[in-house]
Structure formats: structure tokens, C-alpha cells
Amino acid sequence: MEESLSRRIRESAESYHSFLLNQVHEAQEEERRRIARELHDRIGHGISVAHQQLALSEAYRASDSARASAKITVVQHAIQETMENLRQLTSELHPQTPVKSLEKSLMGFLEAVEDDGVSVALTVSGDEGWADPRVLDEAFLIVREAVRNALTHGRPPVVLVRVNIAPHELFASVQDNGRGFDQAAVRGRGGVGLTSMSERAELLDGQVIVSSEPGQGCLVELSIPLKRHSRGRRDR
Numbered sequence: 106m107e108e109s110l111s112r113r114i115r116e117s118a119e120s121y122h123s124f125l126l127n128q129v130h131e132a133q134e135e136e137r138r139r140i141a142r143e144l145h146d147r148i149g150h151g152i153s154v155a156h157q158q159l160a161l162s163e164a165y166r167a168s169d170s171a172r173a174s175a176k177i178t179v180v181q182h183a184i185q186e187t188m189e190n191l192r193q194l195t196s197e198l199h200p201q202t203p204v205k206s207l208e209k210s211l212m213g214f215l216e217a218v219e220d221d222g223v224s225v226a227l228t229v230s231g232d233e234g235w236a237d238p239r240v241l242d243e244a245f246l247i248v249r250e251a252v253r254n255a256l257t258h259g260r261p262p263v264v265l266v267r268v269n270i271a272p273h274e275l276f277a278s279v280q281d282n283g284r285g286f287d288q289a290a291v292r293g294r295g296g297v298g299l300t301s302m303s304e305r306a307e308l309l310d311g312q313v314i315v316s317s318e319p320g321q322g323c324l325v326e327l328s329i330p331l332k333r334h335s336r337g338r339r340d341r
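Structure, rendered in C-alpha cells:
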């Protein structure tokens, strides 16, 4: 009986040890995914903006020195923001301070990536007080990534950004009339941007739907339920 009891104890211990190892592995994988999202959405974005604006400043240098100088100023701001985000990430990956206003944050981003060859329209309706700061922060990162993808890869003449915040849901869409793409091919390459948008939405019980075909532009739709996250209207 003693031998049987000892065997059962060993088997239980081994089973529990295996369970703990699996839990640690899952936690490590989730942390890797989180770090990838933060690096791509916060650090990669700043570098992309700086690179784009440097290219524009070079193009304007001979014909419009004032505009070229303005682009350099945007580059400096983008680099400063990227350095601050990098400091936050290297300090045990402390989260960035949530956005105070989704509309103002999106307007600031669109001004930073302004391109004379692209018309970008932004419409925000509803009350941001219905959404938690974390929801607004994640929605900003998702919409920003969708716009950045449209400008970088789609090369559209027009981009329409819409955000509607209702008591039960935050809905946003980014639509462009650019080159579009083959969704199956992009999924096969495992792009970080689309994966990051989906993961951020899923963390809030939301979803991102991407619709696109070659030559038909692209539509990105984000929906996040607010019922589980809203704690009432925030003080103003």
C-alpha cells in the first residue's frame, strides 16, 4: 500500500509539474506577442513616420524650403516620441499613458503624416466618455495602423476614417481607394501589422475585419463592445 501511495504521489507531482510548465510556456508566448505588438505599433510607427517625412523634405528642398523645414520639424518630433516610447518599453515595458482624446490623437497623427498627394478625411461622432481610457488607447493604435498601412502600401488618393462611439460599442472604419491586395497572400506572409490589430481588438472582446481585393482598395472595420468595459461617463 505504501508503494502504491508513493507511486500515485509521484504521478500527481509529475502531472502538476507538467501543468505548471505549460502555463509558463503559454505566459511566455503571450508576452512575446505583446512585445511584438508594442515594438511594431509604437517604435516601428515612429521610425516609419520619420523616414516618410525625411523623404518628403528631400523632395521639397529645392522647390519649397519652408515646407522642407516643416517636414524636418515633424521628423524631430517623431524621433523624440519614438525615443520616449523606447524608454518606456525598456523600463520593464511599462504601458504608455492612455490617450486623453481619441479624436485629437488621430488628428495629430494625420497631421504628422500629411501628404499632398492623399486626401484624408476624419469623422468622429459620439461621446468618448462612454469608453474606458484603455479602449480609446487600443482603438487609436488599431486605427493608426490601418491608416499607416493604407498610406504605405495602398498608395490611395483618398482615405476615409470614421469613428462612432455609442454607449454599447465603439466602431471605426478606415477605407481607401488604393491598390488593394490579395488577403490570402498577405495572411500567408504573416504580416505583423494585421496580426497586431486583430490581437489588440480581441483583448477587448472586439474584432477587426479587413476587406480588400487587388485594384479595389481596402476597408478595415473595428468593433469593440463597451458594455463590459465602460464604467460610466468619466469626469470632464
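To convert, count from 1 in the sequence shown and add 105; that's the numbering used here.
Glycine included, every Cβ here is placed at the ideal spot set by N, Cα and C.
Worksheet item: If you draw a straight line from the C-alpha of Glu-143 to the C-alpha of Ala-255, how long is it?
Response: 20 Å
Worksheet item: So what does Val-248 bridge to, in DSSP terms?
Response: DSSP output for Val-248 lists no bridge partner at all.
Discussion item. In this structure, how does DSSP classify Ala-167 when only helix, strand and coil are distinguished?
Written reply: coil
Worksheet item: From Glu-219 to Arg-137, what does the alpha carbon distance come to, in whole angstroms?
Response: 33 Å
Discussion item. Rounded to whole angstroms, what is the Cα-Cα separation between His-150 and His-273?
Written reply: 30 Å
Worksheet item: Taking the DSSP output, what are the residues bridged to Pro-330?
Response: Glu-274
Worksheet entry | Residue nearest to Asp-232 in terms of C-alpha spacing, selected from Asn-269, Asp-221, Asp-287 | Asn-269
Discussion item. I want to check one thing, is the minimum distance from the CB of His-273 to the heavy atoms of the ligand HEM below 8 Å?
Written reply: Among the components of this structure there are no ligands whatsoever, and the ligand HEM is therefore not found.
Worksheet item: Are the beta-carbon atoms belonging to Gln-321 and Gly-298 less than 9 Å from one another?
Response: no
Worksheet item: Roughly how many angstroms separate the alpha carbons of His-156 and Val-180, rounded to a whole number?
Response: 8 Å
Practice prompt. Note the first and the last residue of the continuous beta strand (DSSP E) segment covering Leu-206.
Written response: The identity of residue 206 in the sequence shown is Ser, whereas the question assumes Leu. It is not in any beta strand (DSSP E) - Ser-206 carries neither H nor E in the DSSP assignment.
Worksheet entry | Closest by C-alpha distance to Pro-262, when choosing among Glu-307, Leu-275, Ala-244, Gly-283 | Gly-283
Worksheet item: Can you give the Cα-Cα distance for Glu-197 and Arg-305, rounded to whole angstroms?
Response: Only weak support exists for where Glu-197 lies, its pLDDT of 48 falling under 50; the coordinates are left without a value.
Worksheet item: Can at least three beta-carbon pairs, one atom from the segment 235-251 and one from the segment 323-331, be found at a separation below 8 Å?
Response: yes
Discussion item. Can you find the residues in the same chain that come closer than 7 Å, C-beta to C-beta, to Phe-245, ignoring five residues on each side of it along the sequence?
Written reply: Val-204, Leu-207, Ser-210, Leu-211
Discussion item. Closest to Arg-267 by C-alpha separation, out of Val-248, Ser-278, Glu-250, Gly-259, would be which residue?
Written reply: Ser-278
Worksheet item: Under the three-state reduction of DSSP, which class applies to Glu-197: helix, strand or coil?
Response: Note on Glu-197: pLDDT 48, under 50, position unreliable in the model; no value is reported.
Worksheet item: So the beta strand (DSSP E) Gln-312 belongs to, where does it begin and stop?
Response: 312-317
Practice prompt. Return the residue from the list Val-252, Leu-265, Leu-215 that minimises the CA-CA distance to Ala-226.
Written response: Leu-265
Worksheet item: Is DSSP giving Asp-232 helix, strand or coil here?
Response: coil
Worksheet entry | Rounded separation between Ser-301 and Ser-120 - CA only | 34 Å
Worksheet item: From Glu-163, Ala-290, Glu-135, Ser-316, pick the residue whose C-alpha is nearest to that of Ala-251; which is it?
Response: Ser-316
Worksheet entry | Classification of Gln-158 by the beta-carbon crowding that lies within 10 angstroms, buried from 16 upward | buried
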